[in-house]
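J.: In this note's numbering, the protein residues as written are 1 to 199.
Before I ask anything, here is the structure I am working with.
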């Protein structure tokens, strides 16, 4: 599928900078879709928040350890670091896609960390069926099926309650990441995923 290129400013080529947060459970296709979005821009930074988390080389905690204060602290640290990189990138006229696992409990952290940014911030949750997420995860070298099930259940619950902001996108039937990126780009252009209007 041929990608639809956009300016550095964002889909549609307008003068408003864009920050797109792409989230969802493991196996949702976040990284592939984020990479496909980058192909549509002349200037775009892809922030993989998991990479930021692993910059903690001493005292690292798995981000989803229940009841672990240091794990919660490191989740917040990664969110703030991602937002700081996004701010600097926007200042230098780069669009940004943030690739992270952001459930409803973390959304407020992103809202606070990105408050006042001179860019529109969009929030897209990719939520394929559990079978699709498990199949995608099975193709990885470090498969985590139990974590996929747990995260998928939590995202599905939050989607059903309507507490996830922006757009929830079922990409189960999309043949590849390029088509999902097209759908995300269209939603961003229409303002369907907007959570912060900073342009």
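Here a beta-carbon is modelled for each residue, glycine too, at the ideal position from N, C-alpha and C.
Return the chain-ordered list of same chain residues with a C-beta closer than 6 Å to the C-beta of residue 125, the five sequence neighbours on each side being excluded.
T.: Closer than 6 Å at the Cβ level, and outside the excluded window around residue 125, lie 23, 24, 164, 168.
J.: By Cβ distance below 7 Å, which residues in the same chain neighbour residue 28 in space, the five residues on each side in sequence not counted?
T.: Taken in chain order, the residues that qualify are 126, 127, 128, 133.
J.: Measuring alpha carbon to alpha carbon, tell me which of 141, 152, 170 ends up nearest residue 101.
T.: Comparing Cα positions, the closest option is 152.
J.: So residue 90 and residue 17 are in contact, right, with Cβ under 8 Å, and what is the actual spacing, rounded?
T.: Rounded, the Cβ-Cβ distance is 5 Å, consistent with contact.
J.: Assess contact between the stretch 139-149 and the stretch 30-44, defined as three or more Cβ pairs (one per stretch) separated by less than 8 Å. Is contact present?
T.: Judged by Cβ distances under 8 Å, the stretch 139-149 makes no contact with the stretch 30-44, as fewer than three pairs qualify.
J.: For residue 107, which of helix, strand or coil comes out of DSSP?
T.: Helix.
J.: State yes or no: is the C-beta of residue 97 within less than 8 Å of the C-beta of residue 34?
T.: Yes, the Cβ-Cβ distance between residue 97 and residue 34 is below 8 Å.
J.: Between the beta-carbon of residue 53 and the beta-carbon of residue 86, is there less than 8 Å?
T.: The answer is no: Cβ separation not under 8 Å.
J.: Over the uninterrupted alpha helix (DSSP H) stretch that includes residue 85, give me the two end residues.
T.: Its alpha helix (DSSP H) spans residues 69-91.
J.: Tell me whether residue 197 is buried or exposed, calling it buried when 16 or more other Cβ atoms sit within 10 Å of its Cβ.
T.: So residue 197 counts as exposed.
J.: Within the stretch 148-174, note down every full beta strand (DSSP E) run reaching 3 residues or more, in order along the chain.
T.: You should have 167-169.
J.: Assuming the contact rule is C-beta atoms closer than 8 Å, residue 122 and residue 166 should be a hit. Round their C-beta distance to whole Å, please.
T.: Rounded, the Cβ-Cβ distance is 6 Å, consistent with contact.
J.: What would DSSP say about residue 127, mapped onto helix, strand or coil?
T.: Three-state DSSP puts residue 127 in coil, outside helix and strand.
J.: Can you tell which of 130, 173, 94, 42 has the C-alpha that lies nearest to the C-alpha of residue 117?
T.: When each option's Cα is compared against that of residue 117, the closest is 94.
J.: Taking the alpha carbon of residue 112 as the reference point, which residue from 120, 119, 83, 184 has its own alpha carbon closest?
T.: Selected option, being the one with the closest Cα: 83.
J.: Return the residue from the list 114, 178, 189, 188 that minimises the CA-CA distance to residue 32.
T.: When only C-alpha atoms are compared, the closest one is 178.
J.: Shortest alpha-carbon distance to residue 81 belongs to which of 70, 19, 47, 158?
T.: The option with the nearest alpha carbon to residue 81 is 47.
J.: Pull the bridge partners of residue 44 from the DSSP assignment, please.
T.: Note: residue 44 sits in a beta bridge opposite 95.
J.: How about residue 30 and residue 103: are their beta carbons less than 8 Å apart?
T.: Cβ atoms of residue 30 and residue 103: not closer than 8 Å.
J.: Please state if the CB of residue 19 and the CB of residue 119 are separated by a distance shorter than 8 Å.
T.: Cβ distance < 8 Å, so residue 119 and residue 19 count as in contact.
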